[in-house]
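Participant: Dumping the structure here so I can ask a few things about it.
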Amino acid sequence: MHNPGSNYIVRLGHLVRWLGEQAEEAGVEVYPGIAASEVLYHSDGSVKGVATVDQGIAKDGSPKAGFARGMELHARLTLFGEGCHGSLTKSLFHQFNLRHSCQPQTYGLGLKELWEVEPAKHFPGHIEHTIGWPAPNDMYAGSFTYHLKEGDTPLVAIGYVVGLDYKNAYVSPYQEFQMWKHHPHISRLLEGGRRVGYGARALNEGGLQSIPQLAFPGGALIGCAAGFMNVPKIKGTHTAMKSGMLAAECAFEALSQTSSNA
Numbered sequence: 001m002h003n004p005g006s007n008y009i010v011r012l013g014h015l016v017r018w019l020g021e022q023a024e025e026a027g028v029e030v031y032p033g034i035a036a037s038e039v040l041y042h043s044d045g046s047v048k049g050v051a052t053v054d055q056g057i058a059k060d061g062s063p064k065a066g067f068a069r070g071m072e073l074h075a076r077l078t079l080f081g082e083g084c085h086g087s088l089t090k091s092l093f094h095q096f097n098l099r100h101s102c103q104p105q106t107y108g109l110g111l112k113e114l115w116e117v118e119p120a121k122h123f124p125g126h127i128e129h130t131i132g133w134p135a136p137n138d139m140y141a142g143s144f145t146y147h148l149k150e151g152d153t154p155l156v157a158i159g160y161v162v163g164l165d166y167k168n169a170y171v172s173p174y175q176e177f178q179m180w181k182h183h184p185h186i187s188r189l190l191e192g193g194r195r196v197g198y199g200a201r202a203l204n205e206g207g208l209q210s211i212p213q214l215a216f217p218g219g220a221l222i223g224c225a226a227g228f229m230n231v232p233k234i235k236g237t238h239t240a241m242k243s244g245m246l247a248a249e250c251a252f253e254a255l256s257q258t259s260s261n262a
C-alpha cells in the first residue's frame, strides 16, 4: 500500500471529462449518455461493431416526441470497456467462450458519498483505509476516506465496499455503510458537514486468476470489462487506462498490416 513519489487525489469524473476533451481535440467522436445495446457480427462470426440503444422511448414502449433511432457503429476493431459485469461483455464471453481457462469472477458492491466537511477537519491528501467493521468476520468488507483538494471547498469522499459472496441473505450493504458512518472516528469527521453527492457501482474482485481471454475476432476487452482491478492495492483506474493504451498499440499494429478485420 506504500506509494513513494508524488501522488494526487482527484475526482475521477473530472479526470475523465478532461480526457474526453483532449480526445475530441484529437479528432475522436465522443457520445456521452448513449449506451451500446448489442454487438454486431459479420457473416464469418467476427465482431462488426455495436448498435446503440433507441432514445426517447415511453414506458409502454411507444416512441415519444424526441424519439431517435439507435445507430450502428461499424469498425475493423472494437474495444469493449463497458466496466464491471457489462451486458455486451457477458454476451462476448458466451459467443467466443472467453472464460474457458479462468476462474469464475467474484464481485463487490461499493457505496460512496461526497461530503463537504468543516474546514478544521479537512486535511487535503489524507487517506484512510479500513477492513472489517461493521461487517462480521465471515464477510469481506472495507472502507475508504479521501480528503480532496478542490479549490477552497473542504471535500471528503467516503465509501464502503462489501463482497457480494456473503452468506447471510439479510445483509444490506447500504445499512452496513450507514452503520460504519456512526463509528466515532467517522461521525466526528462528518458532524457539521453535509452530503453533496452519492453513488454506487459493482467491482471485479476475482484477481489475476479470473481474467478471461482478452482478444477475439474483431475486438478485445479492456479495463474492468476484463477484470483488471488490483484488489490488494485497491486500485483499478491505472490498470484500465494502461490496458486501453496497450490495446490501442496492438490494434494499430494489426490494422497497419492488413486491410481485413484483425
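Read in order, the letters of the sequence shown are residues 1 to 262 in full-length UniProt numbering. Quick reminder that beta carbons are idealized off the backbone N, C-alpha and C, glycines included.
I'd like the span of the alpha helix (DSSP H) that includes valine 16, first residue to last.
Facilitator: Note, valine 16: alpha helix (DSSP H), 12-25.
Participant: Taking only three categories from DSSP, how would you classify residue 263?
Facilitator: This structure does not reach residue 263, given that the chain is present from 1 up to 262, and the question cannot be answered.
Participant: Would the beta-carbon of leucine 203 fall within 8 Å of that of glycine 132?
Facilitator: No, these two residues do not count as a Cβ contact at 8 Å.
Participant: Among the residues of its own chain, which have a CB less than 7 Å from the CB of glycine 125, if the five just before and after it don't count?
Facilitator: Hits under 7 Å: Ile9, His147 and Lys149.
Participant: Quick check on the DSSP output: the alpha helix (DSSP H) that includes serine 37 runs from which residue to which?
Facilitator: Where serine 37 is concerned, there is no enclosing alpha helix (DSSP H), although the beta strand (DSSP E) it sits in stretches over 36-41.
Participant: Using the C-alpha atoms, what's the distance from proline 173 back to valine 161?
Facilitator: Those two C-alpha atoms are separated by around 8 Å.
Participant: Figure out for me which residue from Glu25, Val231, Phe216 and Ala26 has the closest Cα to the Cα of glutamine 209.
Facilitator: With distances taken between Cα atoms, glutamine 209 lies closest to Val231.
Participant: Histidine 42 to histidine 85, Cα distance in whole Å?
Facilitator: Taking the straight line from one Cα to the other gives about 24 Å.
Participant: Which word fits leucine 19, buried or exposed, when buried means at least 16 other C-beta atoms lie within 10 angstroms of its C-beta?
Facilitator: Under this definition leucine 19 is an exposed residue.
Participant: Classify glycine 197 as buried or exposed, calling it buried when 16 or more other Cβ atoms lie within 10 Å of its own Cβ.
Facilitator: With fewer than 16 Cβ atoms within 10 Å of its Cβ, glycine 197 is classed as exposed.
Participant: Excluding the 5 residues preceding and the 5 following glutamine 105 in the sequence, name in chain order all residues of the same chain whose CB lies nearer than 7 Å to its CB.
Facilitator: Asn204, Gly206, Ser210 and Gly227.
Participant: Determine, using beta carbons only, whether valine 50 and leucine 92 come nearer to each other than 8 Å.
Facilitator: Cβ atoms of valine 50 and leucine 92: not closer than 8 Å.
Participant: Please go through the same chain and pick out, in chain order, the residues whose beta-carbon is closer than 8 Å to the beta-carbon of histidine 74, but skip the five residues on each side of it.
Facilitator: The residues are Leu40, Lys48 and Gly49.
Participant: Starting from the C-beta of proline 134, find all residues in its chain whose C-beta is less than 7 Å away, skip the five residues before and the five after it, and write them out in chain order.
Facilitator: Here the set comprises Glu176, Met179 and Trp180.
Participant: Any contact between the region 239-257 and the region 211-222? By contact I mean 3 or more CB pairs, one from each, below 8 Å.
Facilitator: Judged by Cβ distances under 8 Å, the region 239-257 makes contact with the region 211-222, as three or more pairs qualify.
Participant: Between the C-alpha atoms of serine 87 and alanine 120, what's the straight-line distance to the nearest angstrom?
Facilitator: Spanning the two alpha carbons is a distance of roughly 45 Å.
Participant: Taking the alpha-carbon positions, what's the histidine 182 to leucine 190 distance?
Facilitator: So the alpha carbons of these two residues sit roughly 9 Å apart.
Participant: So what's lysine 59 in DSSP terms, helix, strand or just coil?
Facilitator: Of the three classes helix, strand and coil, the one that applies to lysine 59 here is coil, per DSSP.
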